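Q: Take the sequence shown: its letters are residues 53 to 456, numbered as in my numbering.
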Amino acid sequence: MKKLKIVIIGAGVAGAILARRLARLPQVELHCLEKVEPEDHSEAGTGLNVGPNAIKALQQCDAELAAQVCAQSLPWASWRTSLSDGTVLFDLPLESVADNAGIRIRWSELYDVLRAGAQGVIQYGCEITAIAPSASDPLRSSVSWTQRGVQHRLDDIDLLVGVDGRYSATRSAFSGLPPPRHVGVAIVRTLVEDTSGGLIDDYEQWFNGPHRLLAFRVPPGHVYIAATFPIAQGEQIHEEWKTEAVMRATYAPAGGQPCAQVRWLLDAMCANLADSHWARMQESEVLFAEPQRQVMYLGDSAHGMAPTLGQGATQAIEDACCAALIIEREAAAGRLDPRGWLDLVSVARTERIRFAMELSVQATDTLLQGADPVSGAHWKTEPPFLDQLSRLFRQVALGQRVAG
Ligand SMILES: Cc1cc2nc3c(=O)[nH]c(=O)nc-3n(C[C@H](O)[C@H](O)[C@H](O)COP(=O)(O)OP(=O)(O)OC[C@H]3O[C@@H](n4cnc5c(N)ncnc54)[C@H](O)[C@@H]3O)c2cc1C
């Protein structure tokens, strides 16, 4: 039997999950090429809240891997929103809108556990030098790379999966990177040692006008902090904003005292400003499959997502589980047709992703210039928003084949 040649570029969140599953298929010759070395910890400075929908998807696709991920994390079980003086606006148990908890985890820990799950499959330290359509067949593609000084090339790839993140070289090589749509919010993220003495635990937000602090505890012994402030669309983040005085003036209540959590968060953030990650929230147009070629995108390469509801890595996990389940099912049934797989994944995922993107932007309302956190929090306690949140967390779309 001639095997189908599949190449995965990138072993991040989506790539590592997909590589683990596809490596088990007898009909597939799999190559997974990752840029960094196994000991790379460049994402160690960030924590992630991963939504209940991702855990539900992973449990359905790969219960063993889901258990390993959960073992390295803490449960994300509630969402509390307060004013920066400590006045609670709402306190939502996620079990009221989800079938299971989400998780809180260090980004580097998530990479470690997912990559360990695909041990022996991922080739590390690969520098891609060319990605192009095959000379002999434009549906197929070829990839060249160097690994520790040695040049390699694969031709006639039946399915190329570009899971190489937001600045995807794969998507650049074929249809080009989509232009970002800025949401109008800047975000500063940092991971600090937990010296709060129990002040910070599950997912919480504190508002001073539209300026928001968000924090939660992640194992082992750290607190992840994400501070946001409004910014004009397209405006750059100025160096002079990155000072202690500006941060304190932005997040401490003007006419009153900050609550104990906000005091601790401000101290911790100001002590770590130099190591913080500064970015502007943005999203970008969805593309799961090249229209003319057998090339698939998943996760950040397929869609940029405003991070307000913690759906970036979350949807990357859903995407990977969906693609893995579809390919496994089709291959088992003898349907070795990558073009058909691409269509099935696009149909299963596009509407779902657009919904997650739209809801993430809607939930950003309280972070925009002039927003009132009290009314913004209020509508999030009412049935229309809670129904949407329940749809996001419960109705994962994994491409089940409809009978008939
Ligand atoms: C600071 C920060 C905080 C975040 N917080 C959250 C959160 O709380 N919750 C959440 O759900 N999401 C969060 N996200 C988003 C989330 O991290 C991403 O959406 C998620 O990692 C996307 O997964 P992915 O598999 O598409 O890409 P990635 O995880 O980025 O993986 C891409 C992989 O491809 C590799 N790669 C890149 N280029 C090449 C190349 N040319 N050749 C070979 N390999 C390559 C990379 O090394 C990497 O391993 C956050 C993002 C940031 C930046």
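Virtual Cβ for every residue (Gly too), placed ideally from N, Cα, C. Since the model is a prediction, treat every value here as computed from it, not as a measurement.
1. If you follow the alpha helix (DSSP H) that Ile69 is in, where does it begin and where does it stop?
2. Using only the heavy atoms of ligand 1, determine whether one of them is closer than 7 angstroms to the beta carbon of Asn324.
3. Tyr276 by DSSP, collapsed to three states: which one?
4. Is Ala372 closer than 8 angstroms to Lys350 when the C-beta atoms are compared?
5. Looking at Gln199: is its Cβ nearer than 8 angstroms to the Cβ of Gln171?
6. If Ile239 and Pro359 are in contact, beta carbons under 8 angstroms, what's the gap, nearest whole angstrom?
7. Less than 7 angstroms separating the Cβ of Trp330 from some heavy atom of ligand 1?
8. Do you know offhand how far Val448's Cα is from Ala400's?
9. Exposed or buried, Lys57, counting other C-beta atoms within 10 Å across all chains shown (16 or more means buried)?
10. With 16 as the cutoff for other CB atoms within 10 Å, does Ala184 come out buried or exposed?
11. Pull up the DSSP beta-bridge partners for Leu265, would you.
12. Mark Lys432 as exposed unless 16 or more other C-beta atoms lie within 10 angstroms of its C-beta, in which case mark it buried.
13. For Gln344, count neighbouring Cβ atoms within 10 angstroms of its own Cβ and tell me buried if that reaches 16, exposed if not.
14. When we look at the beta-carbon of Met53 and count the other beta-carbons within 10 Å, is it buried (16 or more) or exposed?
15. Roughly how many angstroms separate the alpha carbons of Glu161 and Asp439, rounded to a whole number?
16. So, with DSSP's three-state summary, where would you put Ala455?
17. Shorter than 7 angstroms, the distance from the beta carbon of Tyr241 to the closest heavy atom of ligand 1, or not?
18. Take Gly67 and list the residues in its own chain whose beta-carbon comes closer than 6 angstroms to its own, dropping the five residues that flank it on each side.
A: According to the structure data:
1. Here residue 69 refers to the residue found at position 17 when the sequence shown is read from its first residue. Here the alpha helix (DSSP H) through Ile69 covers 65-74.
2. Counting from one through the sequence shown, the residue named residue 324 turns up at place 272. For Asn324, the distance from the CB to the nearest heavy atom of ligand 1 is not below 7 angstroms.
3. Along the sequence shown, one-based indexing puts residue 276 at 224. Looking at Tyr276 - three-state DSSP - the assignment turns out to be strand.
4. In the sequence shown, the residue the question calls residue 350 occupies position 298. In the sequence shown, the residue the question calls residue 372 occupies position 320. The amino acid at residue 350 is misidentified as Lys; the sequence shows Leu. Taking a C-beta distance under 8 angstroms as the contact criterion, Leu350 and Ala372 qualify as a contact pair.
5. Start at 1 with the first residue of the sequence shown, and residue 199 comes out as number 147. Start at 1 with the first residue of the sequence shown, and residue 171 comes out as number 119. Not closer than 8 angstroms, so no.
6. Locating residue 239 in the sequence shown gives position 187, where the first residue counts as 1. Locating residue 359 in the sequence shown gives position 307, where the first residue counts as 1. About 7 angstroms separates the beta carbons of Ile239 and Pro359, which is inside the 8 angstroms limit, making them a contact pair.
7. Taking the first residue of the sequence shown as position 1, residue 330 is located at position 278. Outside the cutoff, so no.
8. For the purposes of this step, residue 448 is taken as residue 396 along the sequence shown, with counting starting at 1. For the purposes of this step, residue 400 is taken as residue 348 along the sequence shown, with counting starting at 1. Rounded to whole angstroms, the separation of the alpha carbons of Ala400 and Val448 is 10 angstroms.
9. As a first step, residue 57 is located in the sequence shown; it is residue number 5 there, counting from the start. Per the 10 Å Cβ criterion, buried.
10. By 1-based counting over the sequence shown, the position of residue 184 is 132. Classification of Ala184: exposed, given that the 10 Å Cβ count is below 16.
11. Translated into positions along the sequence shown, residue 265 becomes position 213. DSSP output for Leu265 lists Trp258, Ala279 as bridge partner(s).
12. Here residue 432 refers to the residue found at position 380 when the sequence shown is read from its first residue. Buried: at least 16 other Cβ atoms inside 10 Å.
13. Taking the sequence shown and counting its residues from 1, the one referred to as residue 344 is at position 292. Exposed, since its Cβ has fewer than 16 Cβ neighbours within 10 Å.
14. Locating residue 53 in the sequence shown gives position 1, where the first residue counts as 1. With a 10 Å radius around the Cβ and a threshold of 16 neighbouring Cβ atoms, Met53 comes out exposed.
15. Position 109 of the sequence shown, counted from the start, is the residue given in the question as residue 161. Position 387 of the sequence shown, counted from the start, is the residue given in the question as residue 439. Going from the Cα of Glu161 to the Cα of Asp439 covers about 32 angstroms.
16. On the sequence shown, position 403 is the one that residue 455 refers to. Its pLDDT being 46, under 50, Ala455 is placed unreliably by the model, and nothing is read from it.
17. Taking the sequence shown and counting its residues from 1, one reaches residue 241 at position 189. Sequence check: residue 241 is Arg here, not Tyr. Yes.
18. Taking the sequence shown and counting its residues from 1, the one referred to as residue 67 is at position 15. Only Ile60, Val215 meet the Cβ criterion.
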